[in-house]
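**Student:** I have a structure here, written as structure tokens, and I will follow up with some questions on it.
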Amino acid sequence: MITINEHYLKLQASYLFSDIARRVTAFQEMNPEKNIIKLGIGDVTRALPQACVEAFHQAVDEMASDTGFRGYGPEQGYDFLRQAIAENDFRARGADISSAEIFISDGAKCDTGNIQELFSQDIIIAIPDPVYPVYLDTNVMAGRTGKYKDGRYEGIVYLEATKENGFVPQLPKQKVDLIYLCFPNNPTGSTISKDELKTWVEYAKENNALILFDAAYEAFIRDESLPRTIYEIEGAKEVAIEFRSFSKSAGFTGTRCAYTVVPKECRAFDKDGNIHHVHDLWNRRHCTKFNGVSYPVQRAAAAVYSESGKQQTAELIRYYLRNADLICKEIKALGYEYDGGENSPYIWIDGKRNSWDFFDLLLNSTGVVCTPGAGFGSCGEGYIRLSAFNSYENVAEAMTRIRRELG
Ligand code: PLP
Numbered sequence: 001m002i003t004i005n006e007h008y009l010k011l012q013a014s015y016l017f018s019d020i021a022r023r024v025t026a027f028q029e030m031n032p033e034k035n036i037i038k039l040g041i042g043d044v045t046r047a048l049p050q051a052c053v054e055a056f057h058q059a060v061d062e063m064a065s066d067t068g069f070r071g072y073g074p075e076q077g078y079d080f081l082r083q084a085i086a087e088n089d090f091r092a093r094g095a096d097i098s099s100a101e102i103f104i105s106d107g108a109k110c111d112t113g114n115i116q117e118l119f120s121q122d123i124i125i126a127i128p129d130p131v132y133p134v135y136l137d138t139n140v141m142a143g144r145t146g147k148y149k150d151g152r153y154e155g156i157v158y159l160e161a162t163k164e165n166g167f168v169p170q171l172p173k174q175k176v177d178l179i180y181l182c183f184p185n186n187p188t189g190s191t192i193s194k195d196e197l198k199t200w201v202e203y204a205k206e207n208n209a210l211i212l213f214d215a216a217y218e219a220f221i222r223d224e225s226l227p228r229t230i231y232e233i234e235g236a237k238e239v240a241i242e243f244r245s246f247s248k249s250a251g252f253t254g255t256r257c258a259y260t261v262v263p264k265e266c267r268a269f270d271k272d273g274n275i276h277h278v279h280d281l282w283n284r285r286h287c288t289k290f291n292g293v294s295y296p297v298q299r300a301a302a303a304v305y306s307e308s309g310k311q312q313t314a315e316l317i318r319y320y321l322r323n324a325d326l327i328c329k330e331i332k333a334l335g336y337e338y339d340g341g342e343n344s345p346y347i348w349i350d351g352k353r354n355s356w357d358f359f360d361l362l363l364n365s366t367g368v369v370c371t372p373g374a375g376f377g378s379c380g381e382g383y384i385r386l387s388a389f390n391s392y393e394n395v396a397e398a399m400t401r402i403r404r405e406l407g
């Protein structure tokens, strides 16, 4: 008899985006003349940088001749991209990461979801609340949690991010083995200082734990004092894996390219306490289960690091951050408290009421779509997330409507 992985049955159906879609469709049917503005989804809206498009085209042309053609590439990624990443994203910032420690992939979603399979079944896992749901669901699928009860899974240590702690979770009181952190954060837009990040690195060292650091929104950091990578913290190479993506930094959500840094020193242990290199395990997994990212896509990603690519991606980020500035200014003027928006495309707003009530109020009175915070975890209740990913004109129109209705 073929039997299923019953841990899948514990998963809560994600009603969040289907619920949003259902309410938006109902509203549109009732108000066919109304132009709905979506500030809910975390997907970029602007075209790929020209430098990436040109490199993409050129690489496709190479594939069109027998001499330029490439078949299976190295699973870890082509050297030209791994070297450009190591040089520009790490060594230029004083973080000693080599190209051999970088694994190119088709998404930070896949990598943050797959990494857990390297670790044993009985580890204790700490996950933020609110959270990007992939960290939690992939551990549920793997059988590392108990049942879902009163909004939470048994067996998970939840790291609460609240107004009181500035949406930066505090160190857990109990001992944990694997820690998920995400800064700049999705959904709260909060950031972490070097000193705060240092306490996590120290915790991981003292407790033989490992940090999974999701820096998918690193490109949005404007404050020069903030860490751009966890490897700016001394000793982090031993205890941290970092995830990055071209999705938001260069508009690659539909093109697909990301990478994961697993330093050679990064360690984990077997049952007898012997040290093992996580790098070797991830390399083994990557080579066994992943075919690599296509050559043209890797060429397009490498163009991000050309002179024109750097200018064009900086311009993309500036565009979205200008939207974020406008949202923050208007929300503040309306007397709402918020976090994020400064070094992040997300603005996390205290709606002063139930998340879904605020969602309905915004949709029905202004035609603007947000994301209810409760969909990201129980600490998100009472909040909504607005995203800066839209055209400036749409954001301006959305904020004018919100000012008119809620002001
Ligand atoms: N990590 C976080 C925190 C995200 O918000 C997202 C996408 O929204 C991802 C990772 C996924 O990135 P990718 O498009 O590279 O899979």
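Take the sequence shown: its position 387, counted from the start at 1, is 387 in our numbering, and no numbers get skipped.
Note that the Cβ used here is the ideal one computed from N, Cα and C, for glycine as well.
The model shown is predicted, which means the values in this text are computed figures rather than measured ones.
If Leu181 sits next to Trp200, beta carbons under 8 Å apart, how far is it from one beta carbon to the other, in whole angstroms?
**Tutor:** Between Trp200 and Leu181 the Cβ distance is about 7 Å, and since that is below 8 Å, they are a contact.
**Student:** Which residue comes first and which comes last in the beta strand (DSSP E) that contains Phe214?
**Tutor:** Here the sequence assigns Asp to residue 214, which means Phe is not the residue at that position. Residues 210 to 214.
**Student:** Considering only their Cβ atoms, is the gap separating Val24 from Val368 smaller than 8 Å?
**Tutor:** The answer is no: Cβ separation not under 8 Å.
**Student:** Helix, strand or coil, according to DSSP, for Phe252 in the structure here?
**Tutor:** It is coil, neither helix nor strand.
**Student:** Do Val131 and Lys10 have their CB atoms nearer than 8 Å?
**Tutor:** No, these two residues do not count as a Cβ contact at 8 Å.
**Student:** Just curious, the beta strand (DSSP E) that Tyr135 is in, first and last residue?
**Tutor:** From DSSP, Tyr135 is part of no beta strand (DSSP E) but of the alpha helix (DSSP H) over 134 to 141.
**Student:** Give me the Cα-Cα distance between Arg267 and Ala26, rounded to the nearest whole angstrom.
**Tutor:** Taking the straight line from one Cα to the other gives about 52 Å.
**Student:** Taking 6 Å as the limit between beta carbons, can you name the residues of its chain near Ile192, skipping five residues before and five after?
**Tutor:** Hits under 6 Å: Val168, Phe183.
**Student:** Report whether the distance from the Cβ of Asp38 to the nearest heavy atom of the ligand PLP is below 7 Å.
**Tutor:** According to the sequence shown, residue 38 is Lys rather than Asp. It does not: the Cβ of Lys38 is nowhere closer than 7 Å to a heavy atom of the ligand PLP.
**Student:** Just to confirm the assignment, what range does the alpha helix (DSSP H) spanning Tyr392 have?
**Tutor:** Start and end: 392 to 406.
**Student:** For Gly377, count neighbouring C-beta atoms within 10 Å of its own C-beta (all shown protein chains included) and say buried if the count is 16 or more, exposed if not.
**Tutor:** By the neighbour-count rule (16 or more Cβ atoms within 10 Å), Gly377 is buried.
**Student:** Return the chain-ordered ranges of every alpha helix (DSSP H) run that is complete within the region 305 to 333 and spans a minimum of 4 residues.
**Tutor:** Listed in chain order, the complete alpha helix (DSSP H) runs (minimum 4 residues) inside the region 305 to 333 are 307 to 333.
**Student:** With distances taken from CA atoms, which of Asp339, Leu16, Thr253, Gln312 is nearest Gln50?
**Tutor:** With distances taken between Cα atoms, Gln50 lies closest to Gln312.
**Student:** Thinking just about the alpha-carbon of each residue, which of Asp61, Asp195, Lys264, Phe269 is nearest to the one in Asp280?
**Tutor:** Nearest of Asp61, Asp195, Lys264, Phe269 to Asp280, Cα basis: Lys264.
**Student:** May I ask you to verify whether the region 347 to 358 touches the region 381 to 388, counting CB pairs closer than 8 Å and requiring at least 3?
**Tutor:** Short answer: they touch.
**Student:** In the DSSP assignment, find the unbroken beta strand (DSSP E) run with Ser193 in it and report its ends.
**Tutor:** Run containing Ser193: none; DSSP gives neither H nor E here.
**Student:** Write down the C-beta distance between Leu171 and Tyr203 rounded to the nearest angstrom, noting that I regard them as a contact closer than 8 Å.
**Tutor:** Contact flag correct, Cβ pair sits at about 5 Å.
**Student:** Can you tell me whether DSSP reads Gly155 as helix, strand or coil?
**Tutor:** Here Gly155 sits in coil by DSSP.
**Student:** Thinking just about the alpha-carbon of each residue, which of Gly40, Ser308, Phe252 is nearest to the one in Ala21?
**Tutor:** Ranking the options by Cα distance to Ala21, first place goes to Gly40.
**Student:** So if DSSP puts His286 in a beta bridge, which residue, or which two residues, is it bridged to?
**Tutor:** Its beta-bridge partners do not exist; DSSP assigns none.
**Student:** Does DSSP put Leu171 in a helix, a strand or coil?
**Tutor:** Note: Leu171 maps to coil in three-state DSSP.
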